[in-house]
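S.K.:
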Amino acid sequence: MTRKGFTLLEVLLAAIILGLGLAGILVSISQSQRFMQTMPDIVTAQEVMDMGEIAYPLSEVKEEGDIKVSEQSVDDLWRIIAGSHGPRLTREQQEKYHGFRWERELVEEHQNEDDLKRVGYLHLVRITVRWGDRFVGERNEESYVTLWRDPSK
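Residue numbers (the working numbering): 16 to 168.
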């Protein structure tokens with residue numbers, strides 16, 4: 016005589032497989048949602064990086080000591096770009112860029128002359144944009160590293 020239907024073991028195994036599949040889908044949805052929420056901030060950070068490069072062009076730096084620029088707010092960057100009599104940021108722009116800060120620094124500061132000559136007087140420079148509320152612990156940053164060649168050498 017043959018049995019019809021599933022055994023308890025088969026049903027449990029199918030439920031476990033189904034549960035693992037659903038858990039994987041939920042994790043993927045959660046990660047996608049988190050990514051979609053942070054994407055506008057990353058796009059804004061790229062805009063702030065561009066503003067920093069316009070306000071403090073690395074191509075115009077003549078000496079190694081002029082590479083470092085301490086943290087600047089977007090208001091400070093905009094004042095440099097627009098000039099003292101230029102247009103101001105709109106209220107919407109102020110809200111969009113609130114809390115975003117830009118800085119540039121030399122990655123390696125202490126190389127001897129022989130090492131610098133060997134690499135063609137190239138220096139590593141890091142440009143960083145930070146945003147978020149440091150008091151709440153929500154601090155984010157985007158950065159990239161580029162090269163600067165000492166024009167006096």
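Virtual Cβ for every residue (Gly too), placed ideally from N, Cα, C.
From Gly-135, Trp-93, Phe-150, pick the residue whose C-alpha is nearest to that of Asp-65; which is it?
M.R.: Your numbering for residue 65 matches position 50 in the sequence shown. The residue with the shortest Cα to Cα distance from Asp-65 is Trp-93.
S.K.: According to DSSP, is Thr-53 part of a helix, a strand, or is it coil?
M.R.: Here the question's residue 53 lines up with position 38 in the sequence shown. Of the three classes helix, strand and coil, the one that applies to Thr-53 here is helix, per DSSP.
S.K.: Between His-138, Lys-111, Pro-102, which lies nearest to Val-63 when the distance is taken from Cα to Cα?
M.R.: Position 48 of the sequence shown holds residue 63. For Val-63, the nearest C-alpha among the options comes from Lys-111.
S.K.: Once you ignore the five residues that flank Asp-56 on each side, which residues in its own chain have a CB closer than 7 angstroms to its CB?
M.R.: By one-based count along the sequence shown, residue 56 stands at place 41. Contacts found: Trp-146, Asn-155.
S.K.: To the nearest angstrom, how far is the alpha carbon of Asp-81 from that of Ile-40?
M.R.: Along the sequence shown, read from residue 1 onward, the residue named residue 81 stands at position 66. Along the sequence shown, read from residue 1 onward, the residue named residue 40 stands at position 25. One C-alpha to the other measures close to 51 angstroms.
S.K.: With distances taken Cα to Cα, identify the nearest neighbour of Ser-74 among Val-140, Asp-129, Ser-43, Thr-22.
M.R.: Position 59 of the sequence shown, counted from the start, is the residue given in the question as residue 74. Checked all of Val-140, Asp-129, Ser-43, Thr-22; the closest Cα to Ser-74 is Val-140.
S.K.: Would you tell me roughly how many angstroms separate the C-alpha atoms of Arg-133 and Arg-119, rounded to the nearest one?
M.R.: Translated into positions along the sequence shown, residue 133 becomes position 118. Translated into positions along the sequence shown, residue 119 becomes position 104. Rounded to whole angstroms, Arg-133 to Arg-119 spans 24 angstroms at the Cα level.
S.K.: Between which two residues does the beta strand (DSSP E) carrying Tyr-112 extend?
M.R.: By one-based count along the sequence shown, residue 112 stands at place 97. Run containing Tyr-112: none in the beta strand (DSSP E); it sits in the alpha helix (DSSP H), 106-112.
S.K.: Can you tell me whether Ile-142 is buried or exposed, with buried defined as 16 or more other CB within 10 angstroms of its CB?
M.R.: Counting from one through the sequence shown, the residue named residue 142 turns up at place 127. When all chains shown are included, Ile-142 counts as buried.
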